[in-house]
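Participant: Have a look at this one.
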Amino acid sequence: MQSLISKITIEPHLITAYPSEELSEFLNEPLFIHSEQINLSNTPEDIACLPFIYNIAPIVWRLGGDWRAPQLSYAAAENLELVRMGMAELWPDYEWNGKIHGAATASKQSSNKPALLFSGGLDSTFSAMQLVKQKPTLITIHGGRDLQLADENAWVSVERATAKFATTHQLDSIQIKSNFTSTLTERVDQLCPGLPASWWASIQHGLGLAGVAAPVMFAAGNNELYISATHTTGHQAGWGSHPKLDGVLNWTAAKANHFGYDHDRTQKIQALADLAENNHYPIPELIVCTRRNRQGNCMRCPKCLRTMGSVLVNDLDPEKFGFELNKNDAKSHLMGSIPASIKVTDNEIFAWKSISKHAVENLGSKPDPFMKWLAKLDLSKKPGFFERLFASK
Ligand SMILES: [Zn+2]
Numbered sequence: 003m004q005s006l007i008s009k010i011t012i013e014p015h016l017i018t019a020y021p022s023e024e025l026s027e028f029l030n031e032p033l034f035i036h037s038e039q040i041n042l043s044n045t046p047e048d049i050a051c052l053p054f055i056y057n058i059a060p061i062v063w064r065l066g067g068d069w070r071a072p073q074l075s076y077a078a079a080e081n082l083e084l085v086r087m088g089m090a091e092l093w094p095d096y097e098w099n100g101k102i103h104g105a106a107t108a109s110k111q112s113s114n115k116p117a118l119l120f121s122g123g124l125d126s127t128f129s130a131m132q133l134v135k136q137k138p139t140l141i142t143i144h145g146g147r148d149l150q151l152a153d154e155n156a157w158v159s160v161e162r163a164t165a166k167f168a169t170t171h172q173l174d175s176i177q178i179k180s181n182f183t184s185t186l187t188e189r190v191d192q193l194c195p196g197l198p199a200s201w202w203a204s205i206q207h208g209l210g211l212a213g214v215a216a217p218v219m220f221a222a223g224n225n226e227l228y229i230s231a232t233h234t235t236g237h238q239a240g241w242g243s244h245p246k247l248d249g250v251l252n253w254t255a256a257k258a259n260h261f262g263y264d265h266d267r268t269q270k271i272q273a274l275a276d277l278a279e280n281n282h283y284p285i286p287e288l289i290v291c292t293r294r295n296r297q298g299n300c301m302r303c304p305k306c307l308r309t310m311g312s313v314l315v316n317d318l319d320p321e322k323f324g325f326e327l328n329k330n331d332a333k334s335h336l337m338g339s340i341p342a343s344i345k346v347t348d349n350e351i352f353a354w355k356s357i358s359k360h361a362v363e364n365l366g367s368k369p370d371p372f373m374k375w376l377a378k379l380d381l382s383k384k385p386g387f388f389e390r391l392f393a394s395k
């Protein structure tokens with residue numbers, strides 16, 4: 003049997019897991035998690051190994067064979083088998099045959115308080131507003147692909163938005179730093195040739211984020227982790243955070259929940275506005291993209307454009323959601339930018355189709371030119387910027 007981890011060190015604010023010889027080509031350096039605010043000294047080993055195990059599990063599933071992780075609890079290893087089945091269902095073109103064997107007794111959590119992964123974006127802000135009465139601990143992870151350790155600017159705006167939300171609703175918030183994406187070598191990207199998106203996006207992020215959060219949750223008394231859905235029920239393609247992956251994850255001390263899968267982005271915007279109005283909360287400013295300028299969201303990237311579309315189709319004010327454009331200017335901006343300034347991918351077609359569907363429902367008797375345009379919009383029929391550039395030559 004091959005081994006996963008050569009050694010784990012547990013310090014007051016830092017947990018570091020050193021890969022075994024067999025895995026050394028997949029990691030640049032030992033995988034660490036670091037939190038200033040939380041004392042991690044008393045983390046049991048079966049919890050301390052989770053950042054490493056949950057991030058590396060898909061790699062060893064792809065490699066095949068039997069892998070020994072004596073730090074991991076027997077129960078968590080059994081549960082990982084369920085996740086492995088989910089991965090095989092989502093990505094049937096690849097084999098996921100490796101098996102991780104745990105041996106330890108699972109540690110238990112005595113308190114019951116939920117935690118929520120929070121980044122200030124639409125998905126996690128929607129979840130936070132839905133769950134706010136349960137007083138979830140907000141956990142923000144610095145080091146994911148969309149919030150890398152080096153990107154100080156983006157991190158500062160996320161920290162500010164998180165602090166504001168936590169203060170408004172009297173929630174605890176905890177920041178964690180980790181190298182869980184930057185430590186992976188290019189060898190990892192070669193494990194599944196032909197993936198439609200990166201290893202991070204397609205395979206790693208749901209499990210990996212939960213793993214990074216696990217030790218901090220143990221210390222903070224959280225027995226449940228909410229992970230916000232990025233996709234909705236209609237989205238069929240495999241994605242690295244999914245009800246069948248992180249949605250079934252359970253390490254005894256806590257379990258994960260995949261949250262918000264029943265709402266598309268437009269419905270999330272409307273729900274945010276309704277929750278704010280009914281409970282007299284302010285509408286939280288959204289950190290939609292990390293390409294921030296002084297005004298906030300860039301308003302040019304596909305994610306900003308889509309989110310503005312979802313705001314406008316609900317007849318809401320983009321300025322209230324963190325975009326520096328009034329309703330009318332935002333409408334002209336979108337009509338001029340879609341599809342002209344985006345790359346038309348399947349993901350974009352799917353996203354805009356669902357916004358357009360809401361435009362059809364909201365047309366009313368006197369629709370403005372924007373609503374009419376949006377109701378008719380079908381990106382699958384329109385050539386995007388790159389195709390038109392090519393056609394004009
Ligand atoms: Zn943007």
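The sequence shown maps to residues 3 to 395 in my numbering. Beta carbons are placed, not taken as given, at the ideal position from N, Cα and C, and that holds for glycine.
Below 8 Å between beta carbons: does that hold for Gly-66 and Gly-88?
Facilitator: Not in contact: Gly-66 and Gly-88 (Cβ atoms no closer than 8 Å).
Participant: Determine which residues share a DSSP beta bridge with Arg-64 and list them.
Facilitator: Answer is none; Arg-64 lacks a bridge partner.
Participant: Over what stretch of residues does the beta strand (DSSP E) that includes Pro-21 continue unbroken?
Facilitator: 16-21 is the extent of the beta strand (DSSP E) around Pro-21.
Participant: Less than 8 Å between CB atoms is the rule here; does Ala-222 satisfy it with respect to chain C?
Facilitator: You won't find chain C in this structure, because it holds only one protein chain.
Participant: Assess, as a yes-or-no matter, whether the segment 195-204 is touched by the segment 16-24 under the definition of 3 or more beta carbon pairs within less than 8 Å.
Facilitator: Not touching, per the Cβ criterion.
Participant: Name the DSSP beta bridge partners of His-282, please?
Facilitator: In DSSP, His-282 forms no bridge with anything.
Participant: Any heavy atom of ligand 1 within a distance shorter than 7 Å of the CB on Cys-291?
Facilitator: It does: the Cβ of Cys-291 is within 7 Å (strictly closer) of some heavy atom of ligand 1.
Participant: Can you tell me whether Glu-287 is buried or exposed? The criterion is at least 16 other CB atoms within 10 Å of its CB, across all chains shown.
Facilitator: Looking at its Cβ environment, which holds 16 or more other Cβ atoms inside 10 Å, Glu-287 is buried.
Participant: Using CA coordinates, which residue listed in Ala-377, Asp-125, Gln-177, Val-134 is at the minimum distance from Gly-145?
Facilitator: Per the Cα distances, Gln-177.
Participant: Can you tell me where the beta strand (DSSP E) holding Phe-34 begins and where it ends?
Facilitator: Where Phe-34 is concerned, the enclosing beta strand (DSSP E) stretches over 33-36.
Participant: Assess, as a yes-or-no matter, whether the segment 58-77 is touched by the segment 273-280 under the definition of 3 or more beta carbon pairs within less than 8 Å.
Facilitator: With a cut-off of 8 Å, the segment 58-77 and the segment 273-280 do not count as touching, because too few Cβ pairs lie within range.
Participant: What's the gap between the Cα of Lys-110 and the Cα of Asp-174?
Facilitator: If you take the alpha carbons of Lys-110 and Asp-174, they lie about 22 Å apart.
Participant: With distance defined between alpha-carbon atoms, name the residue in Tyr-96, Pro-371, Gly-311 nearest to Leu-193.
Facilitator: The option with the nearest alpha carbon to Leu-193 is Tyr-96.
Participant: How about Ile-12 and Ala-50: do their beta carbons lie closer than 8 Å?
Facilitator: Closer than 8 Å, so yes.
Participant: Assuming Lys-115 contacts Asn-224 under a Cβ cut-off of 8 Å, what Cβ separation, rounded to an integer in Å, is found between them?
Facilitator: The pair is a contact, with the Cβ atoms about 5 Å apart (cut-off 8 Å).
Participant: Determine the closest residue to Pro-14 out of Ala-221, Val-158, Thr-164, Ser-112, with distance taken between C-alpha atoms.
Facilitator: Considering only alpha carbons, the answer is Ala-221.
Participant: Within 8 Å, do at least three Cβ pairs link the segment 374-381 to the segment 343-358?
Facilitator: Yes, since at least three Cβ pairs between the segment 343-358 and the segment 374-381 fall closer than 8 Å, the two stretches touch.
Participant: For Thr-268, which of helix, strand or coil comes out of DSSP?
Facilitator: Looking at Thr-268 - three-state DSSP - the assignment turns out to be helix.
Participant: Taking only heavy atoms of ligand 1 into account, decide whether any of them is closer than 7 Å to the Cβ of Lys-345.
Facilitator: Checking the Cβ of Lys-345 against ligand 1 gives no.
Participant: State yes or no: is the C-beta of Asn-330 nearer than 7 Å to some heavy atom of ligand 1?
Facilitator: Flag unset: Cβ of Asn-330 not near ligand 1.
Participant: CA-CA distance, Met-3 and Thr-232?
Facilitator: Distance between the alpha carbons of Met-3 and Thr-232: 37 Å.
Participant: Less than 8 Å between C-beta atoms, sequence neighbours within five positions excluded: which residues of the same chain meet that for Trp-98?
Facilitator: Excluding positions up to five away in sequence, the list reads Pro-60, Trp-63, Arg-64, Arg-86, Met-89, Ala-90.
Participant: Any heavy atom of ligand 1 inside 7 Å of the beta-carbon of Lys-355?
Facilitator: No.
Participant: Cβ of Asn-155 within 7 Å of any heavy atom in ligand 3?
Facilitator: You won't find ligand 3 in this model; what it holds is ligand 1.
Participant: Which whole-angstrom value describes the C-beta separation of Thr-187 and Glu-27, a residue pair presumed to lie in contact below a C-beta threshold of 8 Å?
Facilitator: 7 Å between Cβ atoms; contact.
Participant: Check each candidate in Glu-83, Ala-77, Phe-54 and name the one with the smallest Cα separation from Asp-68.
Facilitator: Nearest option by C-alpha distance: Glu-83.
Participant: Let's see if you can read the secondary structure: which residues bound the beta strand (DSSP E) around Lys-179?
Facilitator: Per DSSP, Lys-179 belongs to the beta strand (DSSP E) from 175-180.
Participant: In the DSSP assignment, find the beta strand (DSSP E) that holds Tyr-228 and state where it starts and stops.
Facilitator: Unbroken beta strand (DSSP E) run through Tyr-228: 224-230.
Participant: Quick one: grab the DSSP three-state call for Arg-308.
Facilitator: Of the three classes helix, strand and coil, the one that applies to Arg-308 here is helix, per DSSP.
Participant: Ordered along the chain, which non-local residues of its own chain (more than five positions away) have a Cβ less than 7 Å from that of Thr-107?
Facilitator: Only Ser-75 meet the Cβ criterion.
Participant: Can you give me the C-alpha to C-alpha distance between Leu-118 and Asn-364, rounded to a whole angstrom?
Facilitator: Approximately 32 Å between the Cα atoms of the pair.
Participant: Among Thr-142, Met-131, Gln-172, which one has its Cα closest to the Cα of Val-158?
Facilitator: It is Thr-142.
Participant: Any idea what DSSP makes of Gln-4, helix, strand or coil?
Facilitator: In the structure shown, Gln-4 sits in a strand (DSSP, three-state: E or B).
Participant: Are the beta-carbon atoms belonging to Ala-78 and Thr-254 less than 8 Å from one another?
Facilitator: Yes, Cβ-Cβ distance for Ala-78 and Thr-254 is below 8 Å.
Participant: Let me know if Lys-395 comes out buried or exposed under the rule of 16 or more other beta-carbons within 10 Å of its beta-carbon.
Facilitator: Note that Lys-395 scores 41 on pLDDT, short of 50, meaning its location in the model is unreliable and no value can be drawn from it.
Participant: Thinking just about the alpha-carbon of each residue, which of Ser-121, Ile-285, Ala-71, Gly-196 is nearest to the one in Trp-93?
Facilitator: Out of Ser-121, Ile-285, Ala-71, Gly-196, Gly-196 has the C-alpha closest to the C-alpha of Trp-93.
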